[in-house]
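Number of protein chains: 2
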Amino acid sequence: MRPMDAEQLRECGHRMVDFIADYYKSIEAFPVLSQVQPGYLKELLPDSAPNRPDTLDALFDDIPQKIVPGVTHWQSPNYFAYYPSNSSTAGFLGEMLSAAFNIVGFSWITSPAATELEVIVLDWFAKMLKLPSQFLSSGKAAIIFFTLGGGVIQATASEAVLVVLLAARDRILKKQGKKSLEKLVVYASDQTHSALQKACQIAGIFPENFRVVKADCSNSYAVAPETVSEAISIDLSSGLIPFFICATVGTTSSSAVDPLHKLGKIAQAHGMWFHIDAAYAGSACICPEYRHHLDGVEEADSFNMNAHKWFLTNFDCSLLWVKDRSYLIEALSTTPEYLKNKASQENSVVDFKDWQIPLGRRFRSLKLWMVLRLYGVENLQSYIRKHIQLAKHFEQLVLSDSRFEVVTPRNFSLVCFRLLPPTFEDDNGRNLNYSLMETSNSSGKIFISHTVLSGKFVLRFVVGAPLTEERHVDAAWKLLQDEASKLFESLYIINAGAH
Amino acid sequence: MRPMDAEQLRECGHRMVDFIADYYKSIEAFPVLSQVQPGYLKELLPDSAPNRPDTLDALFDDIPQKIVPGVTHWQSPNYFAYYPSNSSTAGFLGEMLSAAFNIVGFSWITSPAATELEVIVLDWFAKMLKLPSQFLSSGKAAIIFFTLGGGVIQATASEAVLVVLLAARDRILKKQGKKSLEKLVVYASDQTHSALQKACQIAGIFPENFRVVKADCSNSYAVAPETVSEAISIDLSSGLIPFFICATVGTTSSSAVDPLHKLGKIAQAHGMWFHIDAAYAGSACICPEYRHHLDGVEEADSFNMNAHKWFLTNFDCSLLWVKDRSYLIEALSTTPEYLKNKASQENSVVDFKDWQIPLGRRFRSLKLWMVLRLYGVENLQSYIRKHIQLAKHFEQLVLSDSRFEVVTPRNFSLVCFRLLPPTFEDDNGRNLNYSLMETSNSSGKIFISHTVLSGKFVLRFVVGAPLTEERHVDAAWKLLQDEASKLFESLYIINAGAH
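Note that the protein sequences, when read in sequence, are chains X and F.
Residue numbering for the first sequence follows the numbering used here, beginning at 103 and increasing consecutively.
Residue numbering for the second sequence follows the numbering used here, beginning at 103 and increasing consecutively.
Put into structure tokens, the structure is as follows:
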């Protein structure tokens, strides 16, 4: 066994590159949503690990035969579900190089390039988004005290919101005493990603103190700041301690944009932490014409967007900026003897282990650096614009068919739509739209997902896979129309029979 | 811009494979510990992202010139610091394929193969380690209630201990009421990884209730179970609630092994959660002659080892098994409408999002599957044995030079040693050994790290990089001897001058 022989790596690596390039070449041939049944793989693989090595040939036989059928093809041009998870040649090269170095970059010393490149590309990105200068690694947050901001790559937006919630929790508990935990209140709209709820569970926020403010169609599912204000007043008068507001730019269900400026002012008035989750829509804000969605970010304590969603950077790569890093470090730092080193002790470097949950960390800045370098800002803007254009096109198609409705105004590349239920259906179209989704997805030709808005079962069509062209959107729409026709046909037959 | 063009991917991918194979071929030529100064990269890179794309050639010029000098080469055969982070051809191929699919496997439906392969390889691994059957995905934990165990891949051991601490916390709080948080007590030795302290901070355990039990040289830095028992009794009589014990197999400082069986019985007697952290040494336990270090694992509620340390599986890949998955799920599950799907609702599948902190997850089981298949259990055992043999060899070398001492008995592939201080030094050899480490590391020829045991500044020499051979160990020892001679020489000159 020569597990790290350079020539063996070369030979196997080339073979894998060809396999992957061929996969992308033929990606449209696979059902985009995997059609296997639960437990399929157990039937195909042995019960225990082999004692003796298998050949590379055996492995390359098994991948297409046993693994690929169980893959849902997120990179397929016919993938329109959830939000995208972009891959690209640049992102892929970055993953390769990162896997090759295979460092564990907890402290600066464990690979200075990993920490320093991360600081640099996060500054680049902050400038692309025109974030306030306090979010830069050289930024100053306060006027009196000298504090530093900066960006860091988290694995996911869930971890980003968790670490800032912990920073905010410990900041307020330091003032109020740790027994005040039971009084801490978090505010967010009911359209906020479930990651916040999970973060609250983890941080020990009492469930009854997670204030979920209803957002409805009157504001296109953005939260009304007055409602947040009122909730805070009530809580204050009950002796509770409001300490955290989370706003979203591009909610998961419908891409709604919360009013950042007003929410930020409310947070400020009460000394609360203000976090902005722009996981999906943040990418669009590198285009001047969409940047206004971030107006008000200057009020935020922390801001997050996922380069791994819609920015051609392979998963995982979630970018988090804070105005004052000291709160993160205070909440998350531990320095046992075996991790001490001169550079860290002299405080001359950043140790990102103290900005995140895990100790170890991959060299993730490489892939983001490669995406920015190999594509350039202008191309990346065009890429975003093209997807939004395709979503507009899909929206027009939906509007042109009176059997359908567009449920909420489209902001970015997500269209929320549904089939209008016939009057004799009493579930507000739930079954009908569920069936439309299931039959379309089980055709293997497209993959879309759903949500519920104001009690309506709504279909979500997101443009964002790197290979999607107009023809894919058109074909998807044709499939949806055809399936809808079939559904209506059987529905009217059944209904006619029932009368 | 064709960010996902198959032929472009092929061309660039082949070029990157050659770059990486060449890197491994010449890896001994680089200083193993990066010798750059803080801030080096800022001088070399522009202030903002390029508007127009750079060429691939420019990128391939920059990587060796600007990035590689800032890399600490964890895969170098001369890397003996911390614990290893193994790469291998199989692990690398797995990372490539995972990056190519680039799925976000939060639920079964998002790629059934990702979830199912993970369940299968974790079962394989549990069998290799001879874990009790309750840890298998089909295992039953309790006699009366039907419960299921199983394994899951976490990113890091830090996240593994955090999720089980949260599961244990919420299990006890459900009984005692959530206001009892302030009474919950965690027990572990002072040799336990700092990840546990961080997990306690995150989970809101009161700092004064994190019971750090002293372990000393009389037990080779394993914790004495009686001390834990006594601490629990005292806490119970003060009205506190002991709820979590963490034992370690292969501590970070010195590879000590806590007495699992006795600690497990104590935990059981008090209805506490018992977690075992075998992050590093777990790999050795696939060899029958080292398996006894896991005796007592049958008492544990959860068990963790890192395949990304010493098992040729690229970072990150931390394996966690639990006997009863329901506590994890209860603590970490959220199911918003937009993630609901038939398979999940029917409870016919595992959704690993509910076993971990983040929502999204990479297809990490691929690399572990490839390592197991392409190397086979027997080869993997030989690989572990070879490293332990090399560590024994190093230990003999240290013992043969009377200027040095081996500080604690060697268990696996870590040797803890130091230069004995001359009698006229009054810092117990701290400066001397610190200097030996710094001069050796700054030569670029080896990288070792340190710890402190019973007040002694101790050097850590770990064999574990995939390319390390006897000649590297011999050369490292020669360097250490030479540097020691130089240090003593200058020390005696200074001392003679001072008198």
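By construction, the Cβ of each residue, glycine as well, lies at the ideal position given by its N, Cα and C atoms.
Predicted model only: the values in this text are computed from it and were never measured.
Inter-residue CB distance, residue i and residue j (contact presumed, cutoff 8 Å)
{"i": "Trp-375(X)", "j": "Phe-405(X)", "result": "About 12 Å separates the two Cβ atoms, so there is no contact after all."}
{"i": "Val-266(X)", "j": "Val-424(X)", "result": "7 Å"}
{"i": "Ser-150(X)", "j": "Trp-226(F)", "result": "5 Å"}
{"i": "Phe-413(X)", "j": "Ser-385(X)", "result": "5 Å"}
{"i": "Ala-383(F)", "j": "His-395(F)", "result": "6 Å"}
{"i": "Lys-558(X)", "j": "Asn-513(X)", "result": "That belief does not hold up - the Cβ atoms of Lys-558(X) and Asn-513(X) are roughly 18 Å apart, past 8 Å."}
{"i": "Glu-585(F)", "j": "Thr-541(F)", "result": "5 Å"}
{"i": "Tyr-181(X)", "j": "Ala-577(X)", "result": "Contact doesn't hold; Cβ gap of about 13 Å is too wide."}
{"i": "Gln-370(X)", "j": "Glu-401(X)", "result": "6 Å"}
{"i": "Met-539(F)", "j": "Leu-561(F)", "result": "6 Å"}
In DSSP terms, what residue i is bridged to
{"i": "Ile-54(X)", "result": "Residue coverage of chain X in this structure runs from 103 to 601, which leaves residue 54(X) outside it and unanswerable."}
{"i": "Lys-580(F)", "result": "DSSP, once it has assigned bridges, lists no residue as partnering Lys-580(F)."}
{"i": "Leu-286(F)", "result": "Ile-343(F)"}
{"i": "Arg-562(F)", "result": "Cys-518(F), Ser-551(F)"}
{"i": "His-377(F)", "result": "Cys-348(F), Ser-404(F)"}
{"i": "Arg-313(F)", "result": "Tyr-289(F)"}
{"i": "Gln-256(F)", "result": "Ser-420(F)"}
{"i": "Val-508(F)", "result": "Phe-519(F)"}
{"i": "Val-479(F)", "result": "According to DSSP, Val-479(F) bridges with nothing at all."}
{"i": "Val-359(X)", "result": "Val-351(X)"}
Beta-carbon gap between residue i and residue j smaller than 7 Å
{"i": "His-116(X)", "j": "His-116(F)", "result": "yes"}
{"i": "Gly-478(F)", "j": "Arg-154(X)", "result": "yes"}
{"i": "Val-451(X)", "j": "Ala-445(X)", "result": "yes"}
{"i": "Val-134(X)", "j": "Ser-178(X)", "result": "yes"}
{"i": "Thr-350(F)", "j": "Asp-360(F)", "result": "yes"}
{"i": "Gln-66(X)", "j": "Ala-317(X)", "result": "Any question about residue 66(X) goes unanswered here, given that chain X covers just 103 to 601."}
{"i": "Val-173(F)", "j": "Ala-215(X)", "result": "yes"}
{"i": "Ile-274(F)", "j": "Ser-331(F)", "result": "no"}
{"i": "Val-254(F)", "j": "Trp-457(F)", "result": "yes"}
{"i": "Leu-250(X)", "j": "Arg-463(X)", "result": "no"}
{"i": "Lys-411(X)", "j": "Glu-197(X)", "result": "no"}
{"i": "Ser-420(X)", "j": "Ala-259(X)", "result": "yes"}
{"i": "Ala-269(F)", "j": "Tyr-323(F)", "result": "no"}
{"i": "Gly-306(X)", "j": "His-363(X)", "result": "no"}
{"i": "Lys-547(X)", "j": "Leu-516(X)", "result": "no"}
{"i": "Pro-438(X)", "j": "Ser-551(F)", "result": "no"}
{"i": "Arg-466(X)", "j": "Asp-156(F)", "result": "no"}
{"i": "Val-575(X)", "j": "Leu-492(X)", "result": "yes"}
{"i": "Val-223(F)", "j": "Trp-471(F)", "result": "yes"}
{"i": "Val-522(F)", "j": "Asn-535(F)", "result": "Here the sequence assigns Leu to residue 522(F), which means Val is not the residue at that position. No."}
{"i": "Val-508(F)", "j": "Leu-555(F)", "result": "no"}
{"i": "Ala-192(X)", "j": "Lys-127(F)", "result": "no"}
{"i": "Glu-218(X)", "j": "Leu-143(F)", "result": "yes"}
{"i": "Ala-183(F)", "j": "Leu-111(X)", "result": "no"}
{"i": "Thr-212(F)", "j": "Ser-355(F)", "result": "no"}
{"i": "Leu-687(F)", "j": "Trp-579(F)", "result": "In the structure displayed, chain F extends from 103 to 601; residue 687(F) sits before or after that span and is not available."}
{"i": "Tyr-289(X)", "j": "Ile-347(X)", "result": "yes"}
{"i": "Arg-261(X)", "j": "Ile-459(X)", "result": "The sequence shown places Glu at residue 261(X), not Arg. Yes; because the gap between Cβ atoms is below 7 Å, this pair is in contact."}
Residues in the segment 505-516 of chain X with C-beta within 8 Å of chain F's C-beta atoms, listed in sequence order?
From the segment 505-516 of chain X, no residue has a Cβ closer than 8 Å to chain F.
Mind checking the segment 110-132 of chain X against chain F and listing, in chain order, the residues whose C-beta falls within less than 7 Å of any C-beta there?
Cβ contacts with chain F: Gln-110, Leu-111, Arg-112, Cys-114, Gly-115, His-116, Met-118, Val-119, Asp-120, Ile-122, Ala-123, Tyr-125, Tyr-126, Lys-127.
Please list the residues of the segment 460-475 of chain X that have a C-beta atom closer than 7 Å to any C-beta atom in chain F, keeping them in chain order.
The residues in question are Pro-460, Leu-461, Gly-462, Arg-464, Met-472, Leu-474, Arg-475.
With a floor of 4 residues, list each alpha helix (DSSP H) that falls wholly inside the segment 410-466 of chain F, ordered by position along the chain.
Listed in chain order, the complete alpha helix (DSSP H) runs (minimum 4 residues) inside the segment 410-466 of chain F are 427-434, 444-447.
Could you pull out every unbroken alpha helix (DSSP H) segment of at least 4 residues lying fully inside the segment 116-181 of chain X, listed in chain order?
Qualifying alpha helix (DSSP H) stretches, in chain order: 158-164.
Quick one: complete alpha helix (DSSP H) runs, 4+ long, within the segment 213-253 of chain F?
Every unbroken stretch of the alpha helix (DSSP H) spanning 4 or more residues and falling wholly within the segment 213-253 of chain F is given here in chain order: 214-230.
Can you pull out the residues from the segment 215-245 of chain X whose beta carbon lies closer than 9 Å to at least one beta carbon of chain F?
The segment 215-245 of chain X vs chain F, Cβ under 9 Å: Ala-215, Ala-216, Thr-217, Glu-218, Leu-219, Val-221, Ile-222, Val-223, Asp-225, Trp-226, Phe-227, Lys-229, Met-230.
Residues of the segment 402-415 of chain X in Cβ contact with chain F at a cutoff of 7 Å, in chain order, please.
Those would be Leu-414, in chain order.
Selection of the segment 273-301 of chain F by Cβ proximity to chain X, strictly under 7 Å
Result list: Lys-280, Lys-281, Leu-283, Glu-284, Ser-296, Ala-297, Gln-299, Lys-300.
Residues within the segment 476-491 of chain F neighbouring chain X, beta-carbon criterion of under 9 Å
Listed in chain order, the positions of the segment 476-491 of chain F with a beta carbon within less than 9 Å of a beta carbon of chain X are Leu-476, Tyr-477, Gly-478, Val-479, Glu-480, Asn-481, Leu-482, Ser-484, Tyr-485.
Any C-beta of chain X within less than 9 Å: which residues of the segment 140-153 of chain F qualify?
Close to chain X, meaning a Cβ-Cβ distance shorter than 9 Å, are the following residues of the segment 140-153 of chain F: Pro-140, Gly-141, Tyr-142, Leu-143, Lys-144, Leu-147, Pro-148, Asp-149, Ser-150, Ala-151, Pro-152, Asn-153.
Can you pull out the residues from the segment 549-570 of chain X whose beta carbon lies closer than 8 Å to at least one beta carbon of chain F?
Result list: Ser-551, His-552, Thr-553, Val-554, Arg-562, Pro-568, Leu-569.
At a Cβ cut of 9 Å, what residues of the segment 377-402 of chain F count as close to chain X, listed as they run along the chain?
Correct list: empty, as no residue qualifies.
Using a Cβ-Cβ cut-off of less than 9 Å, list which residues of the segment 420-445 of chain X approach chain F; keep chain order.
If the cut-off is 9 Å between Cβ atoms, the segment 420-445 of chain X has Ser-420, Ala-433, Leu-434, Ser-435, Thr-436, Thr-437, Pro-438, Glu-439, Tyr-440, Leu-441, Lys-442, Asn-443, Lys-444, Ala-445 near chain F.
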